[in-house]
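Presented below is the structure to which this report refers.
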């Protein structure tokens, strides 16, 4: 029979950190698991960019601006080269893959 301590030590450890980037609409969430890390950049309540670092994957993706000038300013900070930004469908596809890599 396992003790609570044994059960706790076998659970995957997930660390989550929230960081404000200067204004209420700009935030970063860092998720760390044994399989890797995922950094999510938010404008208001929407993920607009992410960085995944898991096993052999390490890349940052940013969505095209579908919102306001305020979100556009954050996107310009995260990815100044607008030609590197992704369409919404591709961004969501890669974000789902990133979550699958770290969980």
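In the numbering used here, the protein residues as written are 773 to 875. Even for Gly, the Cβ is constructed at its ideal location relative to N, Cα and C. From a predicted model like this one, the values you see are computed outputs, not experimental measurements.
Exposure label - residue 870; buried when at least 16 CB within 10 Å: With 16 or more other Cβ atoms within 10 Å, it is buried.
Buried or exposed: residue 834, going by 16 or more other Cβ atoms within 10 Å of its Cβ? It counts as buried.
Hey, how far is the Cα of residue 807 from the Cα of residue 785? Rounded to the nearest angstrom, the two C-alpha atoms are 10 Å apart.
Between the region 853 to 861 and the region 791 to 805, do at least 3 Cβ pairs fall closer than 8 Å? Because the criterion of three Cβ pairs below 8 Å is not met, the region 853 to 861 and the region 791 to 805 do not touch.
Sequence-distant residues of the same chain with beta carbon closer than 6 Å to residue 816, five excluded per side: Apart from the 5 residues on each side of it in sequence, residue 816 sits with its Cβ closer than 6 Å to the Cβ of 797 in its chain, given in chain order.
Looking at C-alpha atoms only, which residue of 789, 867, 818, 804 is the closest neighbour of residue 721? Past the edges of the chain, shown from 773 to 875, lies residue 721, and the structure says nothing about it.
Residues near residue 819 by beta carbon distance below 6 Å, same chain, minus five either side: The beta carbon of residue 819 lies closer than 6 Å to those of 812 in the same chain, with the five residues before and after it left out.
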